[in-house]
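Each remark here refers to the structure printed beneath this line.
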């Protein structure tokens, strides 16, 4: 493969050597360099790839792509200079895998909340309608039967293109992916145009060192998706819609509950039956039918509306949409665990103040006899989060069960003590049980008729991080073990 073929959509300067050199692999991690590689020097938060340029050459790289000057003594090495190596990597990766996004329908979902659930809803509907659909997101990447655990919501551009290519090879018709603000800011989804770009909602998040300098920057990065898609499908009810659409280049459609939305939800009703919480509503506007989703809360209306708005473009029959929405479940996102018809048990990923307040507010709308919230906070993270989450739980839940969650290098009890300080600022009752399995056992054995119990913080995670080691721990397994260990009398109460 000629280096020029990877550079065809980039502006660049040949600092040294021959841009027509043959290369064997495209690499941005110096540890993966082999003989004949082109090494792209990426500037990251923790390290700068330019510092590894000499190492890459010593390992066999014959070309470097840089945005800073590098001192390489070997005159045989080709050096290409660009304004931004992250952007260059995205376009080079697309070319390296022969532009797979042109061979598959691409759906990108951005927003503060709802990306994960909406992505799974879209995949479920499209799969049920006969479209083989890949997924890239916070929890995992799905390519046919292959599931790859995720490190980032949106992977580096090389992996995005590699996954697209594998999906094409696996016979996928389309891919739905979560697009984070970081992913847009760092060109992880550069090098191609999405067929559909989706906006769910916007709230202050990911603001701080190494992320976004302020809310305006966060908003601006989210808006980039709508300069990089053919059709934009956006939440008409979000107050930041106008900012998100600034400088957009796409055709625009909207969804929501207001009259101005192209696809509208009306007659929204929260339902609770046999330990299941969900919503029903009627769709008006671009489509007209009744919807039931067994995932609680008004946000489930928005998430499912988004999925319907997308799948409308694939001409999915209404019955297929209704069937898929009724059966879809997302791991760790207000995920019901059916163990009793007398109370509701759910697992959710809420692990910061904003997400915990949101999910507890949602569950409170179902008027449970008691709302019980079990959670912990991660070690070696802001102590303020512990106080905030404790206070929120005490204000929103009737009973808070404080436990351990990824203590890392801190003493679990010290973290719990901090959370309790926050809990005591509110009116709710609390108990503190350090062992997470025992905390779950307490919640189940002390459940009352009509309770809603939320196990918050772990969600899809299946480990507990202690002193640098990740120990397997899946709350679903813990629940199963607890049920197996219960006496017959205890089981009879479920």
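Numbering (this note's numbering), first residue to last: 1 to 494. C-beta: ideal position from N, C-alpha, C; glycine also.
Fill in: First through last residue of the beta strand (DSSP E) which encompasses residue 268
263-273
Practice prompt. Under 7 Å Cβ to Cβ from residue 105, same chain only, skipping five residues before and after it: list those, please.
Written response: 173, 174 and 195
Discussion item. Assuming residue 117 and residue 330 are in contact, meaning their beta carbons sit under 8 Å apart, how far apart are those beta carbons, in whole angstroms?
Written reply: 5 Å
Worksheet item: In the DSSP assignment, what residue or residues form a beta bridge with residue 2?
Response: 22
Worksheet item: Considering only C-alpha positions, which residue in the set 162, 345 and 473 is nearest to residue 100?
Response: 162
Item to complete: Pick out the complete beta strand (DSSP E) segments inside the stretch 156-215, 3 residues or longer, and give them in chain order.
Response: 174-178 and 194-199
Fill in: Residue range of the unbroken beta strand (DSSP E) whose run includes residue 229
229-235
Worksheet item: For the 8 Å Cβ check, are there 3 or more pairs between the stretch 360-368 and the stretch 427-437?
Response: no
Practice prompt. Helix, strand or coil for residue 257, going by three-state DSSP, please let me know.
Written response: coil
Fill in: Where residue 435 falls, given that 16 or more other Cβ within 10 Å makes a residue buried
exposed
Worksheet item: Which residue spans inside the stretch 48-107 form an unbroken alpha helix (DSSP H) run of at least 4?
Response: 53-58 and 85-96
Discussion item. Using the Cβ count rule (16 or more neighbours within 10 Å means buried), how would you classify residue 463?
Written reply: exposed
Practice prompt. Determine the DSSP secondary structure at residue 136, reduced to helix, strand or coil.
Written response: strand
Discussion item. According to DSSP, is residue 450 part of a helix, a strand, or is it coil?
Written reply: coil
Item to complete: Would you grab the beta carbon distance between residue 7 and residue 21 for me? Rounded to a whole angstrom, and I think it's under 8 Å.
Response: Residue 7 to residue 21, Cβ: 11 Å. No contact.
Worksheet item: From residue 137 to residue 178, what distance separates their C-alpha atoms?
Response: 5 Å
Worksheet item: Hey, residue 201 and residue 114: beta-carbon distance below 8 Å or not?
Response: yes
Worksheet entry | Close Cβ partners of residue 309 (< 7 Å) along its chain, the five nearest in sequence each way excluded | 233, 253, 255 and 263
Worksheet item: Would you report the Cα separation of residue 54 and residue 41, rounded to the nearest angstrom?
Response: 11 Å
Discussion item. Please classify residue 296 as buried or exposed, where buried requires at least 16 neighbouring CB atoms within 10 angstroms.
Written reply: buried
Worksheet item: When the Cα of residue 92 is compared with those of 121, 192, 50 and 125, which residue comes out closest?
Response: 192
Worksheet item: Roughly how far, in whole angstroms, is the beta-carbon of residue 125 from the beta-carbon of residue 324, given that I think they are within contact range, below 8 Å?
Response: 4 Å
Discussion item. Let's test the definition: count the other Cβ atoms within 10 Å of the Cβ of residue 534 and tell me whether it reaches 16, buried, or not, exposed.
Written reply: No answer is possible for residue 534: the residues shown for the chain start at 1 and end at 494.
Worksheet item: Going by DSSP, which residues form a beta bridge with residue 283?
Response: 265 and 289
Fill in: Test item: CB-CB of residue 458 and residue 405 under 8 Å
yes
Discussion item. Are the CB atoms of residue 123 and residue 154 within a distance shorter than 8 Å?
Written reply: no
Worksheet entry | Endpoints, the beta strand (DSSP E) within which residue 432 is located | 429-432
Worksheet item: Do the stretch 467-483 and the stretch 330-349 make contact, defined as three or more Cβ pairs closer than 8 Å?
Response: yes
Worksheet item: Does DSSP put residue 251 in a helix, in a strand, or in coil?
Response: strand
Practice prompt. Leaving out five residues on either side along the sequence, give the residues of the same chain with a beta carbon under 6 Å from the beta carbon of residue 13.
Written response: 81
Worksheet item: By Cβ distance, which residues of its chain are closer than 7 Å to residue 171, with the 5 residues on each side in sequence left out?
Response: 132
Discussion item. Rounded to the nearest angstrom, what separates residue 146 and residue 395 at their Cα positions?
Written reply: 42 Å
Worksheet item: Does the Cβ-Cβ distance between residue 266 and residue 288 come in under 8 Å?
Response: no
Worksheet item: Would you say residue 423 and residue 390 are within 8 Å of each other, going by their C-beta atoms?
Response: yes
Worksheet item: Just how far apart, CA to CA, sit residue 27 and residue 15?
Response: 19 Å
Practice prompt. On the DSSP bridge assignment, give the partners of residue 377 in chain order.
Written response: Partner(s): none; residue 377 has no beta bridge.
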